[in-house]
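Asker:
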Amino acid sequence: MTRTVLFVHQNFPGQYRHLAPALQARGDRVVAIGGPTSQPLPAIPLHRYDPLPPGGVPPCHPWAADFQTKILRAEAVARCLESLLSDGLRPDLVVGHPGWGELLVVKDLLPDVPVLHQVEFIYPLQGGDVGFDPEFTDAGWRTRARLRLRRAPQLLALQDLDWGLAPTPWQASTVPAPFRHRLSVIHEGIDTAAIAPQGPARLQLQRAGLSFAPGDEVVSFVARNLEPYRGFHTFMRMLPLLQRLRPRAQVVIVGGDGVSYGAAPPGGGSWKEAMLQELGDSLDRRRVHFVGRVPHPVLHELFRVTACHVYLTVPFVLSWSLLEAMSCGALVIGSATAPVQDVIEDGRNGLLVDFFDHRALAERLAAVLAGPEGHAGLRREARRTVVERFDLTRVCLPRQLELVDRLMVGSATQEGTAGER
Numbered sequence: 001m002t003r004t005v006l007f008v009h010q011n012f013p014g015q016y017r018h019l020a021p022a023l024q025a026r027g028d029r030v031v032a033i034g035g036p037t038s039q040p041l042p043a044i045p046l047h048r049y050d051p052l053p054p055g056g057v058p059p060c061h062p063w064a065a066d067f068q069t070k071i072l073r074a075e076a077v078a079r080c081l082e083s084l085l086s087d088g089l090r091p092d093l094v095v096g097h098p099g100w101g102e103l104l105v106v107k108d109l110l111p112d113v114p115v116l117h118q119v120e121f122i123y124p125l126q127g128g129d130v131g132f133d134p135e136f137t138d139a140g141w142r143t144r145a146r147l148r149l150r151r152a153p154q155l156l157a158l159q160d161l162d163w164g165l166a167p168t169p170w171q172a173s174t175v176p177a178p179f180r181h182r183l184s185v186i187h188e189g190i191d192t193a194a195i196a197p198q199g200p201a202r203l204q205l206q207r208a209g210l211s212f213a214p215g216d217e218v219v220s221f222v223a224r225n226l227e228p229y230r231g232f233h234t235f236m237r238m239l240p241l242l243q244r245l246r247p248r249a250q251v252v253i254v255g256g257d258g259v260s261y262g263a264a265p266p267g268g269g270s271w272k273e274a275m276l277q278e279l280g281d282s283l284d285r286r287r288v289h290f291v292g293r294v295p296h297p298v299l300h301e302l303f304r305v306t307a308c309h310v311y312l313t314v315p316f317v318l319s320w321s322l323l324e325a326m327s328c329g330a331l332v333i334g335s336a337t338a339p340v341q342d343v344i345e346d347g348r349n350g351l352l353v354d355f356f357d358h359r360a361l362a363e364r365l366a367a368v369l370a371g372p373e374g375h376a377g378l379r380r381e382a383r384r385t386v387v388e389r390f391d392l393t394r395v396c397l398p399r400q401l402e403l404v405d406r407l408m409v410g411s412a413t414q415e416g417t418a419g420e421r
């Protein structure tokens with residue numbers, strides 16, 4: 001008997017790039033609802049919705065703007081789903097990301113169909129990203145009020161939670177305690193066969209006329225956008241000292257100039273411009289290479305070449321790039337923040353530094369560059385960690401499929417877990 005799985009994600013396939021095709025390949029019928037930027041996958045019908053009402057977005061209180069955006073998505077998804085149901089769609093399972101508001105009214109159309117939530121991160125009122133870095137956070141009551149309202153759609157969605165899927169233990173811990181018994185911690189998965197140490201590795205920077213290979217003093221930093229949420233300010237502030245300590249070091253920075261999670265600089269422009277202006281002549285820009293966003297094969301080649309990769313983040317969602325760097329055998333210096341500590345144990349499979357201490361970061365980087373042969377074991381253990389805990393085909397995808405099967409037959413484990421299994 002063919003079973004039908006409906007995916008709902010405003011940027012489909014998102015976290016389901018591997019799960020959705022795997023379900024389709026084994027014989028399940030897979031259908032997707034996504035927003036305007038969604039991308040189709042082979043043999044999977046994609047139905048895009050438009051979250052903007054015909055008359056435009058009505059005005060509202062500034063605190064409610066984010067809430068209204070999510071309600072508009074919920075309404076648009078409901079209209080799209082209603083049309084699909086009238087055409088005969090009968091899902092056995094809905095899989096979606098509640099963070100965008102899209103799942104808020106799904107149960108009103110499919111009250112008897114289980115819904116698997118991708119519980120990526122629930123904004124904490126304290127102890128999370130907001131208020132972590134006092135330099136960039138207004139911790140006043142207005143900020144907390146906006147955050148409280150931003151949490152509202154997430155908390156509403158939890159009321160309809162049949163089961164949740166969280167990628168890491170710490171991210172699962174952001175879910176309020178009464179709902180954690182309905183969580184499984186399973187990462188989306190890393191293709192460790194393809195994302196692996198491969199030789200001979202070489203990175204070409206055509207604009208700079210440079211070519212790097214393993215053994216060169218290359219330091220890498222990667223973020224979707226270069227911003228304080230991912231420690232870009234700390235990384236930049238350590239560069240002048242690193243350049244004095246290691247005159248041959250070359251720095252490759254990957255990322256866009258926009259803002260993904262936080263706010264733009266107070267004076268406008270990008271954080272790259274702001275940090276370059278702050279550092280001025282103390283930074284030798286000839287040895288710092290901003291390459292923008294790059295294709296994944298180029299990114300992985302950077303991870304194979306780099307002498308040390310730096311990954312910093314406030315307490316927030318863990319980036320796939322960290323695990324991909326480790327899978328390529330890169331030596332990683334990460335921030336001693338909870339998401340990173342889920343993966344890296346200082347001195348075993350990587351190194352950790354205080355998120356704010358740019359001097360300590362520069363000194364630790366300089367020590368790594370001065371003695372690369374002494375850190376080969378950390379590289380091996382970094383890859384071993386990803387292979388054993390996050391491998392796509394042997395660990396994560398089989399667990400995801402098992403969970404999907406249990407939900408579709410109504411036999412999901414009655415006792416959830418906030419740990420990996």
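Mapping of the sequence shown onto UniProt numbering: position 157 corresponds to residue 157, and the numbering continues sequentially without gaps.
Glycine included, each C-beta is placed from N, C-alpha and C at the ideal position.
Predicted model only: the values in this text are computed from it and were never measured.
(1) Considering only residues of the same chain and omitting the five flanking positions on each side of residue 284, which have a CB-CB separation below 6 Å?
(2) Compare the beta carbon distance of residue 356 and residue 234 with 9 Å and say whether it is the shorter of the two.
(3) Have a look at residue 354 and residue 81 and give me their C-alpha separation to the nearest angstrom.
(4) Distance, Cα to Cα, residue 416 vs residue 184?
(5) Taking all protein chains shown into account, decide if residue 57 is buried (16 or more other Cβ within 10 angstroms of its Cβ) or exposed.
(6) Could you tell me the alpha carbon to alpha carbon distance between residue 290 and residue 255, rounded to whole angstroms?
(7) Would you call the region 308–320 and the region 102–115 in contact, with 3 or more CB pairs under 8 Å?
(8) Ignore the nearest five residues each way along the sequence and tell me which others in residue 259's own chain have a CB closer than 7 Å to its CB.
(9) Pick helix, strand or coil for residue 161, following the three-state DSSP scheme.
(10) What do you get for residue 337, buried or exposed, if any count of 16 or more other CB atoms within 10 angstroms of its CB means buried?
(11) Anyone know if the C-beta pair for residue 69 and residue 30 falls short of 9 Å?
(12) Is there a C-beta anywhere in chain C that falls below 9 Å from the one on residue 86?
(13) Roughly how many angstroms lie between the CA atoms of residue 114 and residue 178, to the nearest whole one?
(14) So, is residue 60 buried or exposed, given that buried needs 16 or more other C-beta atoms within 10 angstroms?
(15) I'd like the span of the alpha helix (DSSP H) that includes residue 83, first residue to last.
(16) Tell me which same chain residues have a C-beta within less than 7 Å of the C-beta of residue 100, skipping the five on either side of it?
(17) Could you check whether the region 289–308 touches the region 194–206, counting it as contact only if at least three pairs of C-beta atoms, one from each stretch, sit closer than 8 Å?
Answerer: Taking the coordinates as given:
(1) Stepping through the sequence shown from its first residue, residue 284 is reached at position 284. Around residue 284: 243.
(2) Your numbering for residue 356 matches position 356 in the sequence shown. Your numbering for residue 234 matches position 234 in the sequence shown. For residue 356 and residue 234, yes; Cβs fall inside 9 Å.
(3) As a first step, residue 354 is located in the sequence shown; it is residue number 354 there, counting from the start. As a first step, residue 81 is located in the sequence shown; it is residue number 81 there, counting from the start. For residue 354 and residue 81, the distance between alpha carbons rounds to 47 Å.
(4) Taking the sequence shown and counting its residues from 1, one reaches residue 416 at position 416. Taking the sequence shown and counting its residues from 1, one reaches residue 184 at position 184. In this prediction, residue 416 has a pLDDT of 46, which is less than 50 and means its spatial position is unreliable; what the coordinates show is noted afterwards. Roughly 6 Å between the two C-alpha positions.
(5) As a first step, residue 57 is located in the sequence shown; it is residue number 57 there, counting from the start. Looking at its Cβ environment, which holds fewer than 16 other Cβ atoms inside 10 Å, residue 57 is exposed.
(6) Here the question's residue 290 lines up with position 290 in the sequence shown. Here the question's residue 255 lines up with position 255 in the sequence shown. For residue 290 and residue 255, the distance between alpha carbons rounds to 8 Å.
(7) no
(8) What you label residue 259 is simply residue 259 of the sequence shown in a count that begins at 1. For residue 259, where only same-chain residues beyond five positions count, the Cβ hits under 7 Å are 225 and 227.
(9) Locating residue 161 in the sequence shown gives position 161, counting from the first residue. Here residue 161 sits in coil by DSSP.
(10) The residue you call residue 337 lines up with position 337 of the sequence shown. Its Cβ being crowded by 16 or more others within 10 Å, residue 337 is buried.
(11) In the sequence shown, residue 69 corresponds to position 69, counting from 1. In the sequence shown, residue 30 corresponds to position 30, counting from 1. Here residue 69 is not near residue 30, since their CB atoms are 9 Å or more apart.
(12) Reference to chain C is not applicable here, since this structure consists of a single protein chain.
(13) Sequence index remark: in the sequence shown, residue 114 carries index 114 (1-based). Sequence index remark: in the sequence shown, residue 178 carries index 178 (1-based). CA-CA distance, residue 114 to residue 178, rounds to 19 Å.
(14) Here residue 60 is taken as the residue at index 60 of the sequence shown, counted from 1. With fewer than 16 Cβ atoms within 10 Å of its Cβ, residue 60 is classed as exposed.
(15) Along the sequence shown, one-based indexing puts residue 83 at 83. 65–86 is the extent of the alpha helix (DSSP H) around residue 83.
(16) Taking the first residue of the sequence shown as position 1, residue 100 is located at position 100. For residue 100, where only same-chain residues beyond five positions count, the Cβ hits under 7 Å are 10, 70 and 73.
(17) yes
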